[in-house]
Each structure stands twice: as structure tokens, then as C-alpha cells.
Amino acid sequence: MSTLGDLSHDQLLKQLHDLILRDHALETELIVHIGEVDARRLYLEQACPSMFHYCVHVLHFAEGVAYKRIAVARAARKVPELLAALRQGDLHLTAASLLAPHLDRACAAEWLAAAHHKTTRQIKQWIADRK
1431 MSTLGDLSHD
1441 QLLKQLHDLI
1451 LRDHALETEL
1461 IVHIGEVDAR
1471 RLYLEQACPS
1481 MFHYCVHVLH
1491 FAEGVAYKRI
1501 AVARAARKVP
1511 ELLAALRQGD
1521 LHLTAASLLA
1531 PHLDRACAAE
1541 WLAAAHHKTT
1551 RQIKQWIADR
1561 K
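Numbering (my numbering), first residue to last: 1431 to 1561.
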């Protein structure tokens, strides 16, 4: 088995890119599962009063990550295009969580397009300009 030091620059960059694609797919699947557990309220069967409590105390997510994933999971159940944007890497988790409270079927395409590959700061500014 080779070490990273044995890889050419091109091989290393290719592997990094491949890992990022896998990460996007895995994060999206995680969010889909969180959404389903939330919708079924399965956290109650685990003696948790909320999905947030379940994510923090059972799944051991950091509070901020739990909040973002739950918000995105709930929004994605209403606007499935959000999942496609995450899976393709068009949005990062923070971007999706910032958009989540504003998304509905009517505005989804516009908001997702506006946030495409944007930084957190750019998305916050875009949202502020809409208020």
C-alpha cells in the first residue's frame, strides 16, 4: 500500500477530488436519513424529546452541525432540489442551512441558483438584500 507521499501531484489531486465527491454523496444521504427519522419522530423511541437532542446526545453531533443538518433535512423534504444541489457540491451545508428557512417550491430554483458555489458571506448578503 502506497502512502500519500508516493503519489504524483496529479494522483493526489484526483484522489482528493474523488473524496470530495464521496463526501457530498454521503452528507446528502445522511441528511435524507435525518429527515426520515425526524418525520417518523423515531427520536421519541430513543427517549429523546427532540430531533436536536437525539442528534447531539445519541449521534454525538456538535450542536451547530446538528442544527444545520436538521434544518436542511426539513427543508429538503419540502424542496427536494436542495438534495441535488448538496449531492452535486453546488451548495455546502452552511449555505443550505442559511437558505432552508426561506425555501419553498415557488422560490427554490431562484434561491438555489443564487447560492450556487457562493461563500457563506455572499449568501448572507444575498439573503439580507431580499429582506
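All residues carry an ideal CB built from backbone N, CA and C; glycine is no exception.
field: For G1519, three-class secondary structure by DSSP
entry: coil
Rounded C-alpha distance that separates K1444 from H1522
20 Å
From A1455 to L1516, what does the alpha carbon distance come to, in whole angstroms?
-> 8 Å
- How many angstroms separate the CA atom of A1525 from the CA atom of F1491? 18 Å
So, using beta-carbon positions, are I1461 and A1503 closer together than 8 Å? yes
If we count the other Cβ atoms within 10 Å of its Cβ and call it buried at 16 or more, is R1499 buried or exposed? buried
Going by beta-carbon coordinates alone, are I1557 and L1533 separated by less than 8 Å? no
Between which two residues does the alpha helix (DSSP H) containing A1563 stretch?
-> Given that the chain is displayed from residue 1431 to residue 1561, the structure contains no residue 1563 and the question cannot be resolved.
**Prompt:** Would you call the CB atoms of T1458 and L1542 closer than 8 Å?
**Reply:** no
Cutoff 8 Å; reference Q1476; Cβ partners in own chain excluding five residues on either side:
Y1484, V1488
Are the Cβ atoms of V1509 and R1535 separated by less than 8 Å? yes
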